[in-house]
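See structure below.
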Amino acid sequence: MIPDLPTARRVLTPFASVLLVAALTSLASSLPGQQDIFTKYRRLETPTHIWAVAPGLADPSEPLQERVSSALLELRTWLGSDSGRRPLLVLVAGQTGLNAALAELGAEAVPAWVPAVALSQKGIAIIDLQYLIRQPGKGSATVVHELAHLVLSEAGGVLPRWVHEGIAQSVARQYPDPSTRHALILLARNRSLLSITDLEKHLPADHYSASLLYAEALLFIDWTRRRWGEDLHARILDHCQKGVPWAEAFERVSGFTIDEATEQWQQELAESDVVFGLLLDLLLSWRGLALLVVIAAVVQRFRRRARLRQMKQEEEEQRWNSPGSPTSDGPNQRGGSESTD
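For what it's worth, our numbering labels the leading residue of the sequence shown as -3, then goes sequentially.
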């Protein structure tokens, strides 16, 4: 999300297990000047970006550096940014380090659940390296999310916050948990969803409401990508870069007003199958994968037990039917080649 400084309230993003990231855009100084603030940080320069590593931290891993470079290229290609700016990525240790870096930039502290912050107009992202180490999968998504904020600023200038969050979550594949999606479907059926254009007027402080708000932005952006193609947002941002407001640019490119588009999306969402959607979301979630692993383990255990019983039964049959095996009358002394009258 992209709160206004210094009084904006921050809210939680829509994932059940974690992650929210914030993007701050109202600081006005240039990127080179801001880099000078981090004089105590170790500087590592690459062709695509610059690292500022807090004292005591190791250098970013090779996979992380490659991920940043590839994500910047992919995002700029997709969103139509031809910027040659090298963003400054500040690596810090924990929440204390994150807020200390923000304080150096004159920004207010963020809550404990925020693992990264993007100052999109400045081309700076501050990232908790400890979070990336603890949560490698979610950490990778966080990095892409923050880079998306930076590239959106390059490609379209100042944009609505819900557009920033919807696109950033969409490209980072930070999808809502099954219960949040279920709630959105029910709200759509009751025609109780907030208007997309009103999202930034309502930033509830509680986790549940905030999750719904950001999930709504994400699902709508995903729907527009399916509805009008992957080049839709690059074309919209091209208009925005020329000073056209986002909603007007959306209408020029799609041929629909934002209200007409959201009406179509809400109708499709309301017609979604709740039960099937919940099952599908559960199966696609980490919990669903864990459940499948447990089920597979249980099935395998039963199969092993069945096989052991079968082997034991076959062994018993062979023992009773072999030439030297006991019979109902006692041991068979004659062997299997002789017949009886």
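No residue lacks a Cβ here, since even glycine has one placed at the ideal position from N, Cα and C.
Practice item. Would you kindly report the start and end of the unbroken alpha helix (DSSP H) that includes I254? Key: 254 to 266
Point to revise | Three-pair Cβ contact test at 8 angstroms for the region 229 to 239 versus the region 69 to 89 | key: yes
**Study point:** A48 versus T42 - alpha carbon distance
**Key:** 11 angstroms
Review point. How big is the Cα-Cα spacing for T253 and A144?
Key: 25 angstroms
Check your understanding: Would you say S66 reaches chain B, if we count a Cβ-Cβ gap shorter than 8 angstroms as a contact?
Key -> No chain B is present in this structure, which holds just one protein chain.
Check your understanding: Near A112, which residues of its chain fall below 7 angstroms by C-beta distance, leaving aside the five closest residues on each side in sequence?
Key -> V17, A121, I122, I123, D124, T138, E142
Check your understanding: Between which two residues does the alpha helix (DSSP H) harbouring D234 extend?
Key -> 228 to 237
Exercise for review: Could you round the C-beta distance between A168 and V140 to whole angstroms and report it? I think they count as a contact, below 8 angstroms.
Suggested key: 4 angstroms
Exercise for review: Determine contact between the region 207 to 223 and the region 158 to 166, defined as no fewer than three beta-carbon pairs at a distance below 8 angstroms.
Suggested key: yes
Practice item. Could you tell me which uninterrupted beta strand (DSSP E) segments, each at least 3 residues in length, are contained entirely in the region 69 to 112, listed from first to last along the chain? Key: 84 to 88
Check your understanding: If you run the structure through DSSP and keep just helix, strand and coil, what is V249?
Key -> helix
Practice item. Return helix, strand or coil for L115, following the three-state DSSP convention. Key: strand
Exercise for review: Closer than 6 angstroms by C-beta to A247: which residues in its own chain qualify, once you throw out the five before and the five after it? Chain order, please.
Suggested key: First, the residue type needs correcting, since residue 247 is Glu and not Ala in the sequence shown. Excluding sequence neighbours, E247 sits near T253.
Review point. So what's D194 in DSSP terms, helix, strand or just coil?
Key: helix
**Study point:** L182 - containing beta strand (DSSP E), residue span
**Key:** L182 -> not in any beta strand (DSSP E); alpha helix (DSSP H) instead, spanning 174 to 185.
Exercise for review: Can you have a look at P174 and say buried or exposed, based on whether 16 or more other CB atoms are within 10 angstroms of its CB?
Suggested key: buried
**Study point:** Residues that I368 bridges to, as DSSP identifies them
**Key:** Because residue 368 is not part of the residues shown, which for the chain are -3 to 337, the question remains open.
Exercise for review: Assign D124 to one of three DSSP states: helix, strand, or coil.
Suggested key: strand
Review point. Just the Cα atoms here: how many angstroms apart are V294 and R303?
Key: 14 angstroms
Review point. Buried or exposed: which applies to A97, given that a residue is buried once 16 or more other Cβ atoms fall within 10 Å of its Cβ?
Key: buried
Point to revise | For T35, the three-state DSSP class (helix, strand or coil) | key: coil
Check your understanding: Hey, would you say T193 sits closer than 8 angstroms to A243, going by beta carbons?
Key -> yes
Point to revise | Best match in K134, L128, P83 for proximity to L115 [C-alpha to C-alpha] | key: P83
Review point. Among residues of its own chain, excluding the 5 on either side of A346, which ones have a beta-carbon nearer than 8 angstroms to its beta-carbon?
Key: Nothing can be reported for residue 346: it is not among the residues displayed for the chain, which extend from -3 to 337.
Practice item. Tell whether a beta-carbon distance below 8 angstroms holds between T44 and L68. Key: yes
Review point. How many whole angstroms separate the CB atoms of V88 and A50, which I take to be in contact at a CB cut-off of 8 angstroms?
Key: 5 angstroms
Point to revise | Unbroken alpha helix (DSSP H) run spanning A137, endpoints | key: 132 to 152
Practice item. Could you give the DSSP three-state label for R423: helix, strand or coil? Key: Shown here, the chain extends from -3 to 337; a query on residue 423 therefore has no answer.
Check your understanding: Pick from L128, L53, L180, L101: whose alpha carbon is nearest that of V64?
Key -> L128
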